[in-house]
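Numbering (UniProt numbering), first residue to last: 1 to 441. Report on one structure; see the data block that follows.
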Ligand SMILES: [Zn+2]
Ligand SMILES: [Zn+2]
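Pasting the structure below:
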């Protein structure tokens, strides 16, 4: 309660100081600078922070896999109904898109992913997953809670927004192409920019990390069936051995990155699967290998894909075997952060947290399906830290993964601030965008 006493006067002062999007249209730099701090104070107030913790724990207890987030989606719709926020549903099976503001440009979107993972939670706590073999181990429960928290704060100021915040709750981030289907179903209609946030177990609480340009790699998966002719292990001359052929394929695949790629252009080819043979004395008919490949440009990615196919077929053939190669769809493209939005993010994060809390991250070979948005419109993806002094931090997808719930206020405040400031800086009073009425509102 001591905290509350300190914040309430500050929030009141800020609300008087900054009538967001008031008809006089253009705020001074000093007024704009107060928006992020004002949202952080609001996000830390018991009303908003306890709300987000409650939502996050409910979602955490009942994780659902990609395109099966029916209960999570229902919970989101119930909360939006409660707040009086209009939305479209369903998009991409379980997806929900909400709208706050005038229903007119500028439209700026905030994205949260909803899916959990196919794994067992090993953290013993009161709100442990109640679904065997399912866990929220990537923080998507926190992402939904943060977006609902941001929605609550933005809806409280909807009359002052001179534009529209689009809330994108998407299914199936974990490899099933939820973002791609959301776009196909019109989630980005009229939207001129989108922001996505991910909690980061390895970055300190109160810090953010991102960069301009490519931030995460394009990701593809391949599988090859290499077929020879089975036979007695002691009489190899009557067989055509697919195990030796597959071994040769795997060694040659290592040369794609080490010998064919530009050393300054990061790429990965990893064979992570090798299945073939069941007995010590039998040469099998066939072997299946599979793995992943990553690159930071479309050209390098397509070059890798083509060479993986050629190496499989060519090396198998050199060993008198046949290879058939398949590639999984959809593939995640490169996640590319728009350079203008990077500056926008730096301005907002600096005003909220201070320049010392902004980490310039290195690009990662991991992938994100947020990349589908970045192929279509200016997009920005960033991390918000949640590691505290004492906390043990486990990486994403670990069965011991935990969310430090203090992160929720930071994530919600950042998302709300990024959208609000974007609208303040782009509404037609600031002559940025053409007006297109929106049917949904
Ligand atoms: Zn994940
Ligand atoms: Zn994730």
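From the three backbone atoms N, C-alpha and C, an ideal C-beta is built for every residue, glycine too. This structure is a prediction, so every number in the text was calculated from the model and none was measured.
Neighbourhood of residue i by C-beta distance below 6 angstroms, restricted to the same chain and skipping five residues each side
i: residue 214; result: 296, 334, 336, 363
i: residue 22; result: With a pLDDT of 44 at residue 22, under the threshold of 50, the modelled position of that residue is not reliable, and no figure is offered here.
i: residue 68; result: none
i: residue 437; result: Only weak support is given to the placement of residue 437: the predicted model assigns it a pLDDT of 41, under 50, and the value that follows is read from those uncertain coordinates. Around residue 437: no qualifying Cβ.
i: residue 55; result: 145, 148
i: residue 141; result: 56, 59, 60
i: residue 264; result: none
i: residue 351; result: 33, 36
i: residue 52; result: 145, 149, 408
i: residue 378; result: 193, 338, 341
Within 8 angstroms, strictly: CB atoms of residue i and residue j
i: residue 158; j: residue 92; result: no
i: residue 59; j: residue 75; result: yes
i: residue 397; j: residue 137; result: yes
i: residue 289; j: residue 246; result: yes
i: residue 35; j: residue 97; result: no
i: residue 135; j: residue 163; result: no
i: residue 268; j: residue 293; result: yes
i: residue 252; j: residue 303; result: no
i: residue 219; j: residue 113; result: no
i: residue 323; j: residue 414; result: no
i: residue 366; j: residue 119; result: no
i: residue 305; j: residue 327; result: yes
i: residue 381; j: residue 196; result: yes
i: residue 448; j: residue 376; result: Nothing about residue 448 can be reported from this structure: the residues present for the chain run from 1 to 441 only.
i: residue 256; j: residue 345; result: no
i: residue 71; j: residue 82; result: no
Same chain, Cβ closer than 8 angstroms to residue i, neighbours up to 5 away in sequence not counted
i: residue 130; result: 61, 62
i: residue 443; result: As shown, the chain starts at 1 and ends at 441. That puts residue 443 outside it, with no answer to give.
i: residue 161; result: 20, 21, 100, 101, 102, 154, 420, 423
i: residue 273; result: 223, 288, 289, 290, 291
i: residue 249; result: 224, 226, 289, 311, 312, 315, 316, 323
i: residue 395; result: 201, 202, 401
i: residue 406; result: 205, 386, 388
i: residue 3; result: For residue 3, the predicted structure reports a pLDDT of 42, less than 50, and the residue's modelled location is therefore unreliable. A value from the coordinates is still provided. Hits under 8 angstroms: 44.
i: residue 77; result: 87, 89, 96
Residues near residue i by beta carbon distance below 7 angstroms, same chain, minus five either side
i: residue 433; result: Low confidence applies to residue 433: its pLDDT is 41, below 50, so where it sits in the model is not reliable, and the reading given next is rough at best. Closer than 7 angstroms at the Cβ level, and outside the excluded window around residue 433, lie 105, 106, 192, 426.
i: residue 43; result: 49, 149, 153, 409, 412, 413
i: residue 443; result: Since the first and last residues shown for the chain are 1 and 441, residue 443 lies out of range.
- Beta carbon nearer than 6 angstroms to a non-hydrogen atom of ligand 1: 138, 174, 396, 397
- Message: Could you tell me which whole alpha helix (DSSP H) segments of length 4 or greater appear in the region 23-56?
- Response: Taken in chain order, the complete alpha helix (DSSP H) segments of 4 or more residues contained in the region 23-56 are 29-44.
- Item | In chain order, each beta strand (DSSP E) run of at least 3 residues that lies wholly inside the UniProt domain "Peptidase M20 dimerisation" (223-310) | 267-275, 286-295
- Query: Do three or more CB pairs link the region 397-413 to the region 193-213 at distances below 8 angstroms?
  - Reply: Counting Cβ pairs under 8 angstroms, three or more are found: they touch.
- Message: With three or more C-beta pairs closer than 8 angstroms as the rule, is the region 115-133 touching the region 147-155?
- Response: Touching, no, given that fewer than three Cβ pairs across the two stretches are closer than 8 angstroms.
- Query: Looking at C-beta atoms only, is the number of pairs between the region 173-185 and the region 83-92 that lie closer than 8 angstroms three or more?
  - Reply: yes
- Which runs of the alpha helix (DSSP H) spanning at least 4 residues fall entirely within the region 41-128, listed in chain order? Every unbroken stretch of the alpha helix (DSSP H) spanning 4 or more residues and falling wholly within the region 41-128 is given here in chain order: 46-61, 70-83.
- Message: Just to confirm the assignment: which complete beta strand (DSSP E) runs, minimum length 3, are found wholly within the region 367-422?
- Response: 379-387
- If you scan the region 142-218 from start to end, which runs of the alpha helix (DSSP H) of 4 or more residues do you find wholly inside it? 178-184
- Task: Identify every run of the beta strand (DSSP E) within the region 333-371, keeping only runs that are complete inside it and at least 3 residues long; order them along the chain.
- Result: Those beta strand (DSSP E) runs which fall completely within the region 333-371 and span 3+ residues are 335-337, 358-360.
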